[in-house]
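Here the protein sequences line up with chains A and S, keeping their order. Going by my numbering, the residue at position 201 of the first sequence is 201; the numbering climbs one at a time, nothing skipped. My numbering runs 206 ahead of the 1-based position in the second sequence. The beta-carbon is built from N, C-alpha and C at its ideal position, and this holds for glycine as well. What follows is a set of notes on a single structure, which appears directly below.
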Amino acid sequence: MPIQANDMDLVARLQAGDEAAYAQLVEENAARVYRLALRMMGNEADAEDVLQETFLSAFKAIDHFEARSSVSTWLYRIASNAALMRLRRKEPEQVSVDEPIERDDGEMLPRQLFDFCCLPEDDLLREEAREEMAHAIDDLPPTLRSVFVLRDIEGLSTEETANALDLSVPAVKSRLMRARLKLRERLSAYFAQGPVIVESRNRGEA
Amino acid sequence: MSVISSHHHDHTHDHSECQRYLTSLTDYVDGDLDPALCRELETHMAACENCRVVVNTLTKTISLYRQLPAPEMPNAVKERLYAVLDLKPHTLSADEGGDPA
Numbered sequence: 001m002p003i004q005a006n007d008m009d010l011v012a013r014l015q016a017g018d019e020a021a022y023a024q025l026v027e028e029n030a031a032r033v034y035r036l037a038l039r040m041m042g043n044e045a046d047a048e049d050v051l052q053e054t055f056l057s058a059f060k061a062i063d064h065f066e067a068r069s070s071v072s073t074w075l076y077r078i079a080s081n082a083a084l085m086r087l088r089r090k091e092p093e094q095v096s097v098d099e100p101i102e103r104d105d106g107e108m109l110p111r112q113l114f115d116f117c118c119l120p121e122d123d124l125l126r127e128e129a130r131e132e133m134a135h136a137i138d139d140l141p142p143t144l145r146s147v148f149v150l151r152d153i154e155g156l157s158t159e160e161t162a163n164a165l166d167l168s169v170p171a172v173k174s175r176l177m178r179a180r181l182k183l184r185e186r187l188s189a190y191f192a193q194g195p196v197i198v199e200s201r202n203r204g205e206a
Numbered sequence: 207m208s209v210i211s212s213h214h215h216d217h218t219h220d221h222s223e224c225q226r227y228l229t230s231l232t233d234y235v236d237g238d239l240d241p242a243l244c245r246e247l248e249t250h251m252a253a254c255e256n257c258r259v260v261v262n263t264l265t266k267t268i269s270l271y272r273q274l275p276a277p278e279m280p281n282a283v284k285e286r287l288y289a290v291l292d293l294k295p296h297t298l299s300a301d302e303g304g305d306p307a
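Shown next, in the form of structure tokens:
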């Protein structure tokens, strides 16, 4: 998203130290940053830390804000960095900075070929399925998770995602592909057996 | 093509014809694939049930994630954020506090 006129105005007011502008920045973006942090961290306590860290960093860095991206993409960038740094401290082996872009194709080969598209929407989006979807995101390597969350859940364009994560467009596409194929594989396996088991269990209990 | 005639029995979906398209699939579902390659892939899919299933479930996976309800930020989290940032929540919308003062 290119920088807009109202962003320019907000940034000018922030740089002039206008407290109402700081409150506006938080008010307009906190929910979005929290959502990203929660998806990245997988728990509320870490998400809240990332949220606070993001705005503290943003307030400090506002004088260096360059109009290369929108304010919201800039905040996504700060939040993603904060989340990845925190994950790197927690699970250093999981978060490699210079992960190879392409790996062995075997990793991505589709193996689950159950066509779950035809299942009723109620089954696909029931509570337990939504939990499985959330766990599947948590289990992605963080470098793939950040790309998937920004691009496919938050709905940023490929270019905005690249900008927010300091990646090239081809790197975003490659990671997005791996993330999507992994999630597809996981959901296919789940839906291939999930609904049947749940339904019979519920019937048994009823 | 032999790969196509054998695909009904190939449940691991690992034949080379399909593998060749694997890296194009997510560009395809985003509508970003080069038109020539797109036509080639669609011709392949017309004959290959496995690839049709992969593309359909890939599209569905993305759309299910887009339909996930967005997690809400609890009010307490927001209040603590304002406190940490030393901001007065004076721009909070009316439905937040209901402070009669």
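Beta-carbon proximity of A/Arg13 to A/Ala21, cut-off 7 Å: Position 13 of the first sequence, counting from 1, holds the residue named residue 13 of chain A. Position 21 of the first sequence, counting from 1, holds the residue named residue 21 of chain A. Against a cut-off of 7 Å, the Cβ pair of A/Ala21 and A/Arg13 comes out as a contact.
- prompt: Taking Cβ-Cβ distances shorter than 9 Å, what residues in chain A pair up with S/Arg245?
  reply: Counted from its first residue, the second sequence places residue 245 of chain S at position 39. In chain order: nothing, as chain A lies at least about 20 Å away.
- prompt: The alpha helix (DSSP H) spanning S/Lys284 covers which residue range?
  reply: Within the second sequence, the letter at position 78 stands for residue 284 of chain S. It spans Asn281 to Val290 - the alpha helix (DSSP H) in which S/Lys284 sits, taken as one unbroken run.
- prompt: Measuring CA to CA, which of A/Pro170, A/Glu128, A/Trp74 and A/Ser70 is closest to A/Gln193?
  reply: Looking up residue 193 of chain A in the first sequence gives position 193. If we check each option's Cα against that of A/Gln193, A/Glu128 comes out closest.
task: Answer yes or no: do A/Gln52 and S/Val290 have a C-beta to C-beta separation smaller than 7 Å?
output: Looking up residue 52 of chain A in the first sequence gives position 52. Looking up residue 290 of chain S in the second sequence gives position 84. For the pair A/Gln52 and S/Val290, the CB atoms are nearer than the 7 Å cut-off.
message: If we define contact as Cβ-Cβ less than 7 Å, is A/Ile78 a contact residue for chain S?
response: As a first step, residue 78 of chain A must be located in the first sequence, where it is residue number 78. Answer no: the Cβ-Cβ gap between A/Ile78 and chain S never drops below 7 Å.
message: Using beta carbons (cut-off 7 Å, strictly below), is A/Leu38 in contact with chain S?
response: Numbered from its first residue, the first sequence carries residue 38 of chain A at position 38. Cβ-Cβ to chain S under 7 Å: yes for A/Leu38.
field: Backbone secondary structure at S/Cys254 - three-state DSSP
entry: Numbered from 1 along the second sequence, position 48 holds the residue referred to as residue 254 of chain S. Three-state DSSP puts S/Cys254 in coil, outside helix and strand.
task: Identify the contact partners of S/Asp233 in chain A, using a Cβ-Cβ distance below 9 Å as the criterion.
output: Taking the first residue of the second sequence as position 1, residue 233 of chain S is located at position 27. Within 9 Å Cβ-Cβ: Lys173 and Met177.
- prompt: Does the beta carbon of A/Ile62 sit closer than 7 Å to a beta carbon anywhere in chain S?
  reply: Residue mapping note: residue 62 of chain A aligns to position 62 of the first sequence, counting from 1. Not closer than 7 Å to any Cβ of chain S, the Cβ of A/Ile62 fails to qualify, so no.
message: Can you confirm whether A/Cys117, when its beta carbon is compared against all beta carbons of chain S, has any partner nearer than 7 Å?
response: To locate residue 117 of chain A, count along the first sequence from 1; it is residue 117. Interface residue, yes.
Under 7 Å from the C-beta of S/Met279: neighbouring residues of chain A: For the purposes of this step, residue 279 of chain S is identified with residue 73 of the second sequence, where counting begins at 1. What S/Met279 touches in chain A: Ala30, Ala31 and Tyr34.
Sequence-distant residues of its chain with Cβ nearer than 6 Å to A/Leu109 (five each side left out): For this step, residue 109 of chain A is matched to residue 109 along the first sequence. Answer for A/Leu109: no residue qualifies.
message: Is the beta carbon of A/Phe148 closer than 7 Å to that of A/Ala171?
response: Counted from its first residue, the first sequence places residue 171 of chain A at position 171. Counted from its first residue, the first sequence places residue 148 of chain A at position 148. Against a cut-off of 7 Å, the Cβ pair of A/Phe148 and A/Ala171 comes out as no contact.
query: So is S/Tyr227 in contact with chain A if we call contact Cβ pairs under 7 Å?
result: Position 21 of the second sequence, counted from the first residue, corresponds to residue 227 of chain S. Not an interface residue.
message: Does chain A have any CB closer than 7 Å to the CB of S/Val283?
response: Start at 1 with the first residue of the second sequence, and residue 283 of chain S comes out as number 77. Yes, its Cβ sits closer than 7 Å to a Cβ of chain A.
message: List, in chain order, every chain S residue whose beta-carbon is nearer than 7 Å to that of A/Arg184.
response: Position 184 of the first sequence, counted from the start, is the residue given in the question as residue 184 of chain A. Going along chain S in sequence order, the residues near A/Arg184 (Cβ under 7 Å) are Thr263, Leu264 and Thr267.
task: Could you say which of S/Glu246, S/Asp236, S/Tyr227 and S/Val261 lies nearest to A/Gly155 if we only look at CA atoms?
output: Here residue 155 of chain A is taken as the residue at index 155 of the first sequence, counted from 1. Residue S/Asp236 is the option with its Cα nearest to A/Gly155.
query: Given that a residue counts as buried once 16 or more other Cβ atoms are within 10 Å of its Cβ, and exposed if not, what is A/Cys118?
result: In the first sequence, counting from the first residue as 1, residue 118 of chain A sits at position 118. With fewer than 16 other Cβ atoms within 10 Å, it is exposed.
field: A/Leu294 versus A/Arg68: straight-line alpha-carbon distance, rounded
entry: Shown here, chain A extends from 1 to 206; a query on residue 294 of chain A therefore has no answer.
task: Note down, in chain order, every chain S residue with its Cβ under 8 Å from the Cβ of A/Met133.
output: For the purposes of this step, residue 133 of chain A is identified with residue 133 of the first sequence, where counting begins at 1. By Cβ distance, chain S contributes Leu270, Tyr271 and Leu274.
- request: Verify the CB distance criterion: does S/Leu293 have a CB-CB separation below 7 Å to chain A?
  value: Taking the second sequence and counting its residues from 1, the one referred to as residue 293 of chain S is at position 87. Taking a beta-carbon distance threshold of 7 Å, S/Leu293 counts as an interface residue toward chain A.
- request: Please list the partners that S/Leu287 has in chain A, where partner means a Cβ-to-Cβ separation under 9 Å.
  value: Numbered from its first residue, the second sequence carries residue 287 of chain S at position 81. By Cβ distance, chain A contributes Val26, Ala30, Tyr34, Glu48, Leu51, Gln52 and Phe55.
query: Would you report the Cα separation of S/Thr263 and A/Leu187, rounded to the nearest angstrom?
result: Start at 1 with the first residue of the second sequence, and residue 263 of chain S comes out as number 57. Start at 1 with the first residue of the first sequence, and residue 187 of chain A comes out as number 187. Roughly 9 Å between the two C-alpha positions.
query: Run through DSSP, which three-state label would A/Leu87 get?
result: Start at 1 with the first residue of the first sequence, and residue 87 of chain A comes out as number 87. A/Leu87 falls in the helix class under three-state DSSP.
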